[in-house]
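Chemist: Read in order, the letters of the sequence shown are residues -23 to -1, 1 to 445 in mature numbering (1 follows the signal peptide of the UniProt record, and there is no 0).
Please see the structure below; I have some questions.
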Amino acid sequence: MTLRHRRTLSAALATTLAGGALAGALLSAPAANADAWRDKEYWLKESGVTNAWQVSKGAGVKVAIIDSGVDGTHPDLKGVVVGGTDVSGAGAPNGQKSIGAKTEHGTLVATMLAGRGHTTPTPSPSPSASASAAPAPPPPPPTTPPAGGPDGITGVAPEAEILAISTWLGSPNPGGKTDQEQIPEAVRWAVDNGAKVINISLGSTSPDWPQSWDAAFLYAEQKDVVIVAAAGNRVGGNIQVGAPATIPGVLTVAGLDGEGRASVDSSSQGISIGVAAPAEKLVGGIPGGSYAEWAGTSGAAPIVSGVAALIRSKWPEMSATQVINRIVSTAKDAGAPGKDPLYGFGILDAEAALKNDVPTTSTNPLGSIGDWIRVHRRGVFSEPSQAPVASPTSAPPTLADPTVPVAKTPATMDDALPAAVVLGFGALFAAILTGAAIQLRRVSKNPPAVPEEAETGALLKVDPPGRT
């Protein structure tokens, strides 16, 4: 490759947000009851989540979602979003404005991770004809249904709390901040505000990441935070895993199809994959109180993040390294024996992750960004002198920032992705845009067997607002 890396990450970040921002990409679907969407959450049983709930539902754990913003007013997220911020310069200060090329993406991720469902109000009976002549009694005062309930989407960790961090990725940011600024700022904010798990359902077409990201991911590692990232989708141009899912120590999630095999469209491959989870025939909530069907590793990642929250709730003192080890070591081996580039260590088994005896370890099976920096940035950094302690919301960090070496930039690389990747991505840019993981397919009466366009999102069906 002779072209130097001169373009910013924003031009190549294949953020597969499953939103309906692309003109003509989404069509309305017949209205469905909210409980009908609940019935479609097959992964709760097949991945062992419902049995894992016998042990933990994620209470007391904050999970940060770095995405397009989360609609905290969605009925299934009532009381779930407890904090947030915007790192793009174009969103709401609390991270709850849906922004970017695919506005729905963050809310889809959030409902799958920590949705609590809702209770649909019972309509008042119509007055009888005989009673119509009598003066009508005054209407009762309006009541607000309690949070949670049997309708809508329930997440993998329904008692966990969400920190919403909005980013603008995949199209020109009116706030002016690049991906090189937004991603590390988002990771740092999440750590400083008490997140024990960070979900990043975003990805790029390059395995390399800007050096500006090093310090933030090292910061999270030293503060004992689990980071989960989507592997990306072949249908969106991610033949192999791209950053940030290639960063050592990150728990990278591949996608499975409806039969539990490695998905052809809604996944990718690479040596950094840690575990595989369902990525097709997914459902989730979208801004405005509606629901949608979608697909991609953007949806597989919050399933795994939810399991990490269940573990951290059950064992609050367990290190991030041991949480990750527990997830991958209890996964069901699939594909080639042992770890492989399609399934990683295997298929997620939430019940085993919560119930099995797992030997302790001090080594992250997916590596360490600190060790990587020592080797590849040719420098040294200081280790924390005390055990990491989660900071309360809006409080300053309890440890000093890690010291990251200033390395000489390689001759063929700067802080951006390869220009060749940008050029190869340009033809897809109008369709791919934002999030590492959802293949968007046009909805029709007879959907095609393969996507009409090489898109990374996948809203297959939408239940319009006001039609639940």
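For every residue, glycine included, the Cβ atom is placed at its ideal position computed from N, Cα and C.
#1: Considering just the uninterrupted stretch of the alpha helix (DSSP H) at residue 268, what are its terminal residues?
#2: If we require 3 or more residues per run, which beta strand (DSSP E) segments fall completely within the segment 145 to 184?
#3: Taking Cβ positions, are residue 57 and residue 142 nearer each other than 7 angstroms?
#4: Please report the residue range of the beta strand (DSSP E) in which residue 36 lies.
#5: Specify, as a first and last residue, the run of the beta strand (DSSP E) that residue 58 falls within.
#6: Does DSSP classify residue 191 as helix, strand or coil?
#7: With DSSP collapsed to three states, give me the class of residue 201.
#8: Between the segment 261 to 269 and the segment 44 to 55, can you find at least three pairs of beta-carbon atoms closer than 8 angstroms?
#9: State the DSSP-derived secondary structure class of residue 299, mapped to helix, strand or coil.
#10: What are the uninterrupted segments assigned as alpha helix (DSSP H) that are 4 or more residues long and contained completely in the segment 318 to 355, given in chain order?
#11: My guess is that residue 147 and residue 77 are in contact by the Cβ rule of under 8 angstroms, so how many angstroms apart are they, rounded?
#12: Out of 12, 16, 13, 23, state which residue places its alpha-carbon closest to the alpha-carbon of residue 256.
#13: Which of the three DSSP states is assigned to residue 131 in this structure?
#14: I'd like to know whether the C-beta atoms of residue 168 and residue 280 end up nearer to each other than 7 angstroms.
#15: Taking buried to mean at least 16 other C-beta atoms within 10 Å of its own C-beta, is residue 196 buried or exposed?
#16: Specify, as a first and last residue, the run of the beta strand (DSSP E) that residue 143 falls within.
#17: Please state whether DSSP places residue 226 in a helix, a strand or coil.
#18: Any chance the segment 170 to 179 sits against the segment 28 to 41, with 3 or more Cβ pairs inside 8 angstroms?
#19: If we count the other Cβ atoms within 10 Å of its Cβ and call it buried at 16 or more, is residue 215 buried or exposed?
#20: DSSP beta-bridge partners for residue 263?
#21: Kindly indicate which three-state DSSP category residue 15 falls into: helix, strand or coil?
#22: Could you tell me the distance, in whole angstroms, from the CA atom of residue 232 to the CA atom of residue 28?
#23: Given this structure, state the Cα-to-Cα distance separating residue 242 from residue 270, to the nearest angstrom.
#24: Span of the beta strand (DSSP E) holding residue 280?
#25: Start and end of the alpha helix (DSSP H) containing residue 83?
#26: Do the segment 187 to 196 and the segment 284 to 303 meet, that is, are 3 or more Cβ pairs less than 8 angstroms apart?
#27: Return the CA-CA distance between residue 70 and residue 156, expressed in angstroms with no decimal places.
#28: For residue 29, report the span of its beta strand (DSSP E) as first-last.
#29: With residue 309 and residue 323 assumed to form a contact (beta carbons below 8 angstroms), what rounded beta-carbon distance in angstroms separates them?
#30: Return yes when at least one heavy atom of the ligand ZN lies under 6 angstroms from the C-beta of residue 182, else no.
#31: Does DSSP classify residue 212 as helix, strand or coil?
#32: To the nearest angstrom, how far is it from the Cα of residue 253 to the Cα of residue 160?
#33: Between the Cα of residue 131 and the Cα atoms of 164, 190, 90, which residue gives the shortest distance?
#34: Is residue 252 helix, strand or coil by DSSP?
#35: To the nearest angstrom, report how far apart residue 260 and residue 352 are at their CA atoms.
#36: How about residue 247: is its C-beta nearer than 7 angstroms to some C-beta of chain E?
Modeler: Reading it off the structure:
#1: Against the sequence shown, residue 268 aligns to sequence position 291. Residue 268 -> not in any alpha helix (DSSP H); beta strand (DSSP E) instead, spanning 267 to 271.
#2: 174 to 177
#3: Sequence index remark: in the sequence shown, residue 57 carries index 80 (1-based). Sequence index remark: in the sequence shown, residue 142 carries index 165 (1-based). Not closer than 7 angstroms, so no.
#4: Residue mapping note: residue 36 aligns to position 59 of the sequence shown, counting from 1. Note, residue 36: premise wrong, no beta strand (DSSP E); not H, not E.
#5: Translated into the one-based positions of the sequence shown, residue 58 becomes position 81. 58 to 63 is the extent of the beta strand (DSSP E) around residue 58.
#6: Stepping through the sequence shown from its first residue, residue 191 is reached at position 214. DSSP places residue 191 in helix when its eight states are reduced to three.
#7: Walking along the sequence shown from the start, residue 201 turns up at place 224. Note: residue 201 maps to coil in three-state DSSP.
#8: yes
#9: To locate residue 299, count along the sequence shown from 1; it is residue 322. Three-state result, residue 299: helix.
#10: 327 to 332, 346 to 353
#11: Stepping through the sequence shown from its first residue, residue 147 is reached at position 170. Stepping through the sequence shown from its first residue, residue 77 is reached at position 100. That belief holds up - the Cβ atoms of residue 147 and residue 77 are roughly 6 angstroms apart, short of 8 angstroms.
#12: Position 279 of the sequence shown, counting from 1, holds the residue named residue 256. Here the closest residue by C-alpha is 23.
#13: One-based indexing of the sequence shown puts residue 131 at position 154. Residue 131 falls in the strand class under three-state DSSP.
#14: Here residue 168 refers to the residue found at position 191 of the sequence shown. Here residue 280 refers to the residue found at position 303 of the sequence shown. Contact flag unset, no.
#15: Stepping through the sequence shown from its first residue, residue 196 is reached at position 219. Classification for residue 196: buried.
#16: As a working note, residue 143 is residue 166 in the sequence shown. First-last of the beta strand (DSSP E) with residue 143: 138 to 143.
#17: Translated into the one-based positions of the sequence shown, residue 226 becomes position 249. Residue state, collapsed to three classes: coil.
#18: yes
#19: Here residue 215 refers to the residue found at position 238 when the sequence shown is read from its first residue. Buried is the call here.
#20: Along the sequence shown, one-based indexing puts residue 263 at 286. Answer by DSSP bridge pairing, in chain order: 267.
#21: Numbered from 1 along the sequence shown, position 38 holds the residue referred to as residue 15. Helix at residue 15.
#22: The count along the sequence shown starts at 1 and reaches residue 232 at position 255. The count along the sequence shown starts at 1 and reaches residue 28 at position 51. So the alpha carbons of these two residues sit roughly 22 angstroms apart.
#23: Your numbering for residue 242 matches position 265 in the sequence shown. Your numbering for residue 270 matches position 293 in the sequence shown. Whole-angstrom Cα-Cα distance: 16 angstroms.
#24: The residue you call residue 280 lines up with position 303 of the sequence shown. Run containing residue 280: none in the beta strand (DSSP E); it sits in the alpha helix (DSSP H), 274 to 291.
#25: In the sequence shown, counting from the first residue as 1, residue 83 sits at position 106. Note, residue 83: alpha helix (DSSP H), 82 to 91.
#26: no
#27: For the purposes of this step, residue 70 is taken as the residue at position 93 of the sequence shown. For the purposes of this step, residue 156 is taken as the residue at position 179 of the sequence shown. Computed Cα separation, rounded: 18 angstroms.
#28: Here residue 29 refers to the residue found at position 52 of the sequence shown. It is not in any beta strand (DSSP E) - residue 29 instead sits in the alpha helix (DSSP H) that spans 26 to 29.
#29: For the purposes of this step, residue 309 is taken as the residue at position 332 of the sequence shown. For the purposes of this step, residue 323 is taken as the residue at position 346 of the sequence shown. Going by Cβ atoms, the distance from residue 309 to residue 323 rounds to 5 angstroms, so yes, they are a contact pair.
#30: Absence of the ligand ZN from the depicted structure is noted, as is the absence of any ligand whatsoever, leaving it without description.
#31: To locate residue 212, count along the sequence shown from 1; it is residue 235. Note: residue 212 maps to helix in three-state DSSP.
#32: Here residue 253 is taken as the residue at index 276 of the sequence shown, counted from 1. Here residue 160 is taken as the residue at index 183 of the sequence shown, counted from 1. Roughly 24 angstroms separates the two Cα atoms.
#33: Walking along the sequence shown from the start, residue 131 turns up at place 154. The shortest C-alpha separation from residue 131 is found at 90.
#34: Taking the sequence shown and counting its residues from 1, the one referred to as residue 252 is at position 275. In the structure shown, residue 252 sits in a strand (DSSP, three-state: E or B).
#35: Residue mapping note: residue 260 aligns to position 283 of the sequence shown, counting from 1. Residue mapping note: residue 352 aligns to position 375 of the sequence shown, counting from 1. Rounded to whole angstroms, residue 260 to residue 352 spans 42 angstroms at the Cα level.
#36: In summary, chain E is missing from the structure at hand, where a single protein chain is found.
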